[in-house]
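**Q**
Protein chains: 2
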Amino acid sequence: MTEVTDRISRRQVDKFAERRSQLATSALRTLSQLGYARTSLREIAQNSEFSHGVLHYYFRDKVELIMYCVKQYKAECVTRYDQIVATAEDADQLKVDFGAALAVTCEEDATMHRLWYDLRNQSLFEESFREDTLEIDKSLEQMIWRIVTTYADLAGRDLTVTPATAYGLLDGLFQQALFRHLAGDPTALPTLRTATEQTLPKFLT
Amino acid sequence: MTEVTDRISRRQVDKFAERRSQLATSALRTLSQLGYARTSLREIAQNSEFSHGVLHYYFRDKVELIMYCVKQYKAECVTRYDQIVATAEDADQLKVDFGAALAVTCEEDATMHRLWYDLRNQSLFEESFREDTLEIDKSLEQMIWRIVTTYADLAGRDLTVTPATAYGLLDGLFQQALFRHLAGDPTALPTLRTATEQTLPKFLT
DNA sequence: AGGAACTCTTGACGACTGTCCAGATCTCCA
DNA sequence: TGGAGATCTGGACAGTCGTCAAGAGTTCCT
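Keeping their order, the protein sequence lines are chains A and B.
Just so we're aligned, residue 386 is where the first sequence starts under the numbering used here, counting upward by one.
Just so we're aligned, residue 386 is where the second sequence starts under the numbering used here, counting upward by one.
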């Protein structure tokens, strides 16, 4: 008896979770196109295959939906450069690969990155966003730190920056490149590559 | 005749400009508290001594009002560190003074800085914001460049960064500190100081 | 003193928002 | 196959939004 209802409820839970994820994907697409300030629940529903009422069947309110979206986005992000770390053989190659990877995602995922910066900024005004945003930011910092420490290891040198500083500096470069790229500046991405390659060595002793 | 009407119209123009500026100041206060997404014209008017209708007497629409606000904010910003540049006597002093000044404004003007980052982000979604935002960003870059070149001069060394890279890196540090400070992290401001002091030397040969 | 021009208030408008709910539709087990 | 529960629709709700305009109030010159 318990086995059966467990199986049932698990299936229902899975289906429930699947639809939540599906709706979150639609929401992310709309959010990344319009930004937080201009995205309404009706707009999200219109870009999905459901009506607007269903959003409140799967999410308590707008905040819960957006937070679910942000967390789903996080999972995609934090492992983005792990392969570069795993396959790097020397410091210079890691440096070049990392700069190139930054430029690639800056171009391909531009709207998602711009959404991330938008939502991170919203957390400065909307208290309910803050906790999750800080958690994601922390994991991004750790992701950068894996790159930087691997780079130092391969170079056989010590680091002169803290994890937070390394993340702050590189995030500044990336954000600047994203702005200029989205503004139509064709030099934004090459500049991001060279700036990254010139910055990483400065982290070493 | 022309003289008189000129005098009149100039006085009227001045009064018109004064009231615009006054309304923009109210708007900036409200915007910095609520953020772009949550600020309405009625809210702005309520935090001023006028009714909401007057906003459309002095500004064509919401976009023109906010752009006027941003430009007014710009004038306050770009000369912020000029005195430090003017009075600096050696590189180490400039380094320390600059880090301290960043930490001070990060604390005292926290809500205005958060508004700046909010509006700069909006320009990634709202095309009409872009031009002015890029212009302000450029002047901030030049402001940072004045600091950095003065620092290199006093140190008697050459620079290894472009103006854009120096701005991107330092802006990343500042933004990170602003986030953590507003999130209640008491180490944010001391960390900003030390990180700035440790970063500036990395710009030199 | 009168009147023209400027300034401001007030209320209205249509559109849009998040939320909720009654009921239609679907799924799936007994 | 029937019916219970899960899922989904579409409309209604009370608010808020930007915008506008009619008219009251003010200023200031002749």
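Just so you know, even glycine gets a beta-carbon here, dropped at the ideal spot from N, CA and C.
Please read these numbers as outputs of a predicted model, since none were measured by experiment.
1. For Glu526/B, does the count of other Cβ atoms within 10 angstroms reach 16, so buried, or fall short, so exposed?
2. I need the DSSP call for Arg405/B, collapsed to helix, strand or coil.
3. Of the residues that make up the segment 435–456 of chain A, which ones have a beta carbon closer than 7 Å to any beta carbon in chain B?
4. Would DSSP call Leu589/A helix, strand or coil?
5. Identify every residue that forms a DSSP beta bridge with Leu440/A.
6. Near Tyr596/A, what residues of its chain come up, given a Cβ to Cβ distance below 6 Å and the 5 sequence neighbours on each side ignored?
7. Would a C-beta distance cut-off of 8 Å place Ala476/B and Ala412/B closer than the cut-off?
8. Taking 8 Å as the CB-CB limit, is Lys587/B close to chain A?
9. Quick one: residues in its chain with C-beta nearer than 8 Å to the C-beta of Val546/B, no 5 flanking neighbours on either side, listed in chain order?
10. I'd like to know if Phe510/B contacts chain A, where contact means its C-beta is closer than 8 Å to some C-beta of that chain.
11. According to DSSP, simplified to helix, strand and coil, what is Asp544/A?
12. For Ala495/B and Leu577/A, I'd like the C-alpha separation in whole angstroms.
13. Drop a sphere of 10 angstroms on the beta-carbon of Phe514/B, count the other beta-carbons inside from all chains shown, and report buried for 16 or more, exposed for fewer.
14. Mind checking the segment 549–567 of chain A against chain B and listing, in chain order, the residues whose C-beta falls within less than 9 Å of any C-beta there?
15. Would Ala537/A pass as an interface residue toward chain B - the criterion being a Cβ-Cβ separation below 8 Å?
16. Looking at chain B, which residues of the segment 475–506 of chain A have a Cβ within less than 7 Å of any of its Cβ atoms?
**A** Judging by the given coordinates:
1. Its Cβ being crowded by 16 or more others within 10 Å, Glu526/B is buried.
2. Note: Arg405/B maps to helix in three-state DSSP.
3. From the segment 435–456 of chain A, no residue has a Cβ closer than 7 Å to chain B.
4. It is a strand residue.
5. Partner(s): none; Leu440/A has no beta bridge.
6. Because residue 596/A is not part of the residues shown, which for chain A are 386 to 590, the question remains open.
7. Taking 8 Å as the Cβ cut-off, Ala476/B and Ala412/B do not qualify as a contacting pair.
8. Closer than 8 Å: yes.
9. Spatial neighbours of Val546/B in its own chain (CB-CB distance under 8 Å, excluding positions within 5 residues in sequence) are listed in chain order as Val533, Leu554, Phe588.
10. Contacts with chain A at 8 Å (Cβ-Cβ) include Phe510/B.
11. Sequence check: residue 544/A is Leu here, not Asp. Here Leu544/A sits in strand by DSSP.
12. Ala495/B and Leu577/A have their C-alpha atoms spaced approximately 28 Å apart.
13. It counts as buried.
14. Correct list: Ala549, Thr550, Tyr552, Gly553, Leu554, Leu555, Asp556, Gly557, Leu558, Phe559, Gln560, Gln561, Ala562, Leu563, Phe564, Arg565, Leu567.
15. So, not an interface residue.
16. Those would be Arg499, Tyr502, Asp503, Asn506, in chain order.
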